[in-house]
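Q: Our numbering puts the first residue of the sequence shown at 13, with every later residue one more than the last. Cβ coordinates follow ideal geometry from the N, Cα and C atoms, glycine included.
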Amino acid sequence: MKSLATACGGLLAAAMLAGCGGAAAPPAGPAPPASARSSATAAHAATAPVTAPAGIVQPPGGPVPAGFRAAAVTFVSAREAFVLGTAPCKHAPCTSLVRTRDRGVSWRGLPAPVVPLGEPGVTGPAVWGIRFATPEHGFVFGNGLWVTTDGGEHWPAAAYPGGAVVSLAIIDRQVLAVTMRSEPAGRASWLYYSADNGKTWRTAVTYPDGGQGWNDLGFTTTGDGLVIHGHPYYGDLPGQLVLTGNGGLTWHAVTF
13 MKSLATACGG LLAAAMLAGC GGAAAPPAGP APPASARSSA TAAHAATAPV TAPAGIVQPP
73 GGPVPAGFRA AAVTFVSARE AFVLGTAPCK HAPCTSLVRT RDRGVSWRGL PAPVVPLGEP
133 GVTGPAVWGI RFATPEHGFV FGNGLWVTTD GGEHWPAAAY PGGAVVSLAI IDRQVLAVTM
193 RSEPAGRASW LYYSADNGKT WRTAVTYPDG GQGWNDLGFT TTGDGLVIHG HPYYGDLPGQ
253 LVLTGNGGLT WHAVTF
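1. Pull up the DSSP beta-bridge partners for N227, would you.
2. Specify the secondary structure class of Y278 as computed by DSSP and reduced to three states.
3. Along the beta strand (DSSP E) that carries G133, what are the first and last residues, could you check?
4. Whole-angstrom Cβ separation of P128 and A138, contact assumed at under 8 Å?
5. Any idea what DSSP makes of V127, helix, strand or coil?
6. So, L255 versus L238, is the Cβ gap smaller than 8 Å?
7. Alpha carbon to alpha carbon, how far is G175 from F144? Give it in angstroms, no decimals.
8. Determine, using beta-carbon pairs with one atom in the segment 197 to 208 and one in the segment 102 to 119, whether at least three such pairs fall under 8 Å.
9. Among all the DSSP beta bridges, which residues are the ones paired with H264?
10. Taking the beta carbon of T212 as the centre, do at least 16 other beta carbons fall within 10 Å, making it buried, or is it exposed?
11. The beta strand (DSSP E) that contains T218, what's its start and end?
12. Going by Cα to Cα distance, which pick from W140, V134, V95 is closest to G121?
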């Protein structure tokens, strides 16, 4: 901001001198070298703010928090995305949310759930993922589930089956499928299904596996989806591919 203010001040001074009427102008000094003029021009260009292209409406919100770092992203169109992350702040938690409507040319800060940023496996309140079905309706998840219906302006806690939400997918703009992992007592891996945007849930798959969890939940169409149960890197985990053909209502394992 200091360099931008200096540049603007220089422009203002130049305009005032040009409008001095009949007063004699002082003799011009030697012109600065071309290299100096090029450096000044580059410095001014570097401080120029990035603005959205003509016709793009900025999303509501404030500036992006200084030092923002991304943790998870969700797209609702080819141009619009939300990014969950964190930024330095005076009062924790410092979880932050930003949004673009022009494929990342410009960004705006939005409110985020007042929950620390974490990762699957941590205990206590934490979030690590974000998914939006429409520009207005989305979820932030982790050791809990939070929902917005106004584009990220408000994030009340949502009803969910419990445990850690390790992955979440939204299909057909209304059907929600989510993978879960239980708490340490009676650990297991569950896959839950909701057909009413997370208001009610039913169990689609249960594995009494000690809480090995899931990886790479995703859908190729509104009906066809997949998820991997466990991860073979850890030796005793199955790395089992599980498919659905009815939007997450039922699932079956694939044999290679």
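A: Taking the coordinates as given:
1. I240
2. The requested residue 278 is not part of the displayed model; the chain covers only 13 to 268.
3. No beta strand (DSSP E) holds G133; DSSP gives it neither H nor E.
4. 6 Å
5. coil
6. yes
7. 21 Å
8. no
9. L255
10. exposed
11. 214 to 219
12. V95
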